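Encoded as C-alpha cells, the structure appears first; notes follow it.
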Amino acid sequence: MLKKIALLSALTMCMGSSFAYQAEVGGSYNYVDYDTDPSESIDDQYFGIDGTYYFNRVEVKNNPFNEAAFLNRASNINAKIIHNDTDIKISDSSLDLNLENGSTLYQVGIEYFIPNSNFYVNAHIGNIRNKQHIDFIEYPEDENDEPIYTHIHSVKSNVITYSAEIGYLPISNLLIAAGFTGFDGDNGDDIDPTLRAKYVTPIGSYDLNLEANAQFGDDTIYNLGADLYLNKTLSIGFAYTDNSDELIGLNDIFTIRAKKFFTPNVSLEAKADFGDDVTQYGIRLGYRF
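In the working numbering, the protein residues as written are 168 to 456.
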C-alpha cells in the first residue's frame with residue numbers, strides 16, 4: 168500500500184511539471200463546536216462554494232502545486248458564496264430560548280499583478296444578508312404568574328463588506344501589501360487599515376510558505392502562518408491568530424492545516440482551529456481545469 172501511495176505521488180508530481188490550468192472551483196464545509204453550559208446548545212455550520220479565473224494559464228512547472236498561481240504572479244478574478252446556519256437553544260428555570268440565524272455572504276474580487284513591474288493590487292466587495300427567527304418563553308419567579316411568550320419573526324439585516332490592497336514584491340516570491348478593510352451595515356460601519364506579507368522559498372529539498380497579516384482598529388487582529396511542502400503535492404501547516412476582542416471567545420486561535428493534490432486537477436484540504444471556547448473543523452475540495 169505504501170509503495171502504491173508513493174508511486175501515485177511521484178506520478179502526480181511528474182504530470183504537474185507540465186500541467187497548466189486557467190480556473191479553479193471549490194466547495195467547503197465548516198463546523199464550529201462551542202464549549203457551552205449544559206443548559207445551552209449551539210449548532211453552527213458553514214457551506215461555501217468558490218471560483219477563480221486566471222487571465223492567463225498558470226504553469227505549475229516545478230513549483231508546489233498550491234503556490235503555482237502566486238509564483239506565476241497570476242492575475243485573476245474570483246468569487247465566493249458562503250452560507251451560515253446557526254441555531255442557539257437555551258433552557259433553564261428562567262427561560263426557554265430558540266434563536267435561528269441564517270446569513271449568506273456573496274463576494275467578488277480581483278487580484279492583479281501589474282505587468283512589467285513589481286506592483287500588485289487587489290480588491291473585494293461583498294454583501295452579507297442576515298435573517299433571524301427568535302422564540303423565547305420567560306418564566307416568572309412567582310409560579311402563579313403566567314409565562315411570557317415572545318415570537319420575533321424574520322428580523323433581517325444587510326451588510327456591505329469591502330477591502331483593497333496595494334502591494335510590492337521587493338524580491339522574488341515576497342509580497343508586502345497594505346490596505347484597508349471595512350463594512351457598512353444597518354447597525355453601523357467601520358474601516359480599518361491592514362498589513363500583509365507572504366513569502367515562498369525553497370528549504371533544502373522542501374518548500375516553505377510564510378504568511379503574516381494584521382488588521383488595526385478598535386479590535387486589533389494578528390495572524391501568523393507557515394506551510395511546509397513535504398513534496399510538491401502535500402503540505403502541512405500551522406497558524407496562530409490573536410484578536411484583542413475577548414468577548415467573542417476567539418482571542419487566541421491555533422490552527423493545524425494540511426492540503427494534498429491527488430492529481431494535478433483535484434485537491435483536498437482540511438483544518439482544525441482551536442480557541443479558548445470554540446473548536447472549528449473545515450474541509451475543502453478543489454478542482455482545477
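Here a beta-carbon is modelled for each residue, glycine too, at the ideal position from N, C-alpha and C. Quick caveat: nothing in here was measured; it's all calculated off a predicted structure.
Coarse secondary structure for residue i, derived from DSSP in three states
| i | result |
| --- | --- |
| phenylalanine 232 | helix |
| phenylalanine 237 | helix |
| proline 369 | strand |
| leucine 336 | coil |
| asparagine 297 | strand |
| methionine 168 | Reliability of the predicted coordinates at methionine 168 is poor, the pLDDT of 46 falling under 50, and the value obtained from them is presented with this limitation in mind. Correct three-state label for methionine 168: coil. |
| glutamate 305 | strand |
| phenylalanine 441 | strand |
| proline 360 | strand |
| glutamate 378 | strand |
| isoleucine 420 | strand |
| asparagine 311 | coil |
| leucine 178 | Since pLDDT at leucine 178 reaches only 47, below the 50 mark, its modelled position is unreliable, and the value read off the structure follows with that caveat. Helix. |
| lysine 323 | strand |
| phenylalanine 286 | strand |
| glycine 276 | strand |
| phenylalanine 428 | strand |
| serine 402 | strand |
| phenylalanine 456 | coil |
| aspartate 386 | coil |
Euclidean distance between Cα positions of residue i and residue j
| i | j | result |
| --- | --- | --- |
| alanine 246 | tyrosine 389 | 25 Å |
| isoleucine 319 | glycine 269 | 14 Å |
| threonine 317 | aspartate 263 | 10 Å |
| aspartate 356 | glycine 384 | 12 Å |
| lysine 298 | isoleucine 420 | 28 Å |
| leucine 375 | leucine 401 | 12 Å |
| alanine 393 | asparagine 230 | 17 Å |
| valine 445 | glutamine 382 | 22 Å |
| phenylalanine 441 | tyrosine 201 | 10 Å |
| proline 431 | leucine 452 | 13 Å |
| glutamate 332 | threonine 219 | 18 Å |
| asparagine 233 | valine 227 | 9 Å |
| proline 369 | threonine 348 | 32 Å |
| tyrosine 188 | tyrosine 366 | 22 Å |
| threonine 361 | isoleucine 343 | 11 Å |
| alanine 458 | aspartate 443 | The displayed coordinates of the chain run from 168 to 456. Any statement about residue 458 would go beyond what the structure contains. |
| tyrosine 454 | tyrosine 196 | 15 Å |
| tyrosine 448 | tyrosine 198 | 5 Å |
| asparagine 340 | valine 433 | 25 Å |
| proline 314 | phenylalanine 456 | 60 Å |
| threonine 408 | threonine 422 | 8 Å |
Residues of its chain near residue i, where Cβ-Cβ distance is below 6 Å and the 5 sequence neighbours each way are ignored
| i | result |
| --- | --- |
| isoleucine 216 | Gly194, Ile248 |
| aspartate 254 | Asp210, Glu267 |
| threonine 387 | Ser411 |
| alanine 379 | Ala364, Leu391 |
| valine 288 | Tyr279, Ile333 |
| alanine 235 | Val225, Val227 |
| glutamate 436 | Lys426, Arg451 |
| tyrosine 221 | Gln189, Ala241, Asn243 |
| aspartate 418 | Note that residue 418 is asparagine in the sequence shown here, rather than aspartate. These residues qualify, in order along the chain: Asn410. |
| serine 330 | His291, Thr348 |
Own chain, CB closer than 8 Å to residue i, minus 5 neighbours either side, in chain order
| i | result |
| --- | --- |
| glycine 352 | Ile295, Ser324, Asn325, Val326, Ile327 |
| valine 275 | Ile244, Asn245, Ala246, His291, Ile292, Gly293 |
Cβ neighbours of residue i in the same chain (closer than 7 Å, five flanking residues each side left out)
| i | result |
| --- | --- |
| alanine 350 | The displayed chain sequence assigns phenylalanine, not alanine, to residue 350. Excluding residues within five positions, the ones whose Cβ falls inside 7 Å are Val326, Ile327, Thr328, Asp356, Asp357. |
| glycine 346 | Ser330, Ala331, Glu332, Ile333, Thr361 |
| isoleucine 277 | Ile244, Asn289, Ala290 |
| phenylalanine 428 | Thr179, Phe232, Thr400, Ser434 |
Determine contact between the segment 231-247 and the segment 275-286, defined as no fewer than three beta-carbon pairs at a distance below 8 Å.
With three or more CB-CB distances shorter than 8 Å, the segment 231-247 counts as touching the segment 275-286.
Just checking, does the segment 249-265 make contact with the segment 194-207 on the three C-beta pairs under 8 Å criterion?
yes
Curious, which full-length beta strand (DSSP E) runs of at least 3 residues does the segment 185-267 contain?
Unbroken beta strand (DSSP E) runs of no fewer than 3 residues, entirely contained in the segment 185-267, are found at 187-201, 207-226, 243-258, following chain order.
Given 8 Å as the limit, is there contact between the segment 331-348 and the segment 301-318, that is, 3 or more CB pairs closer than that?
no
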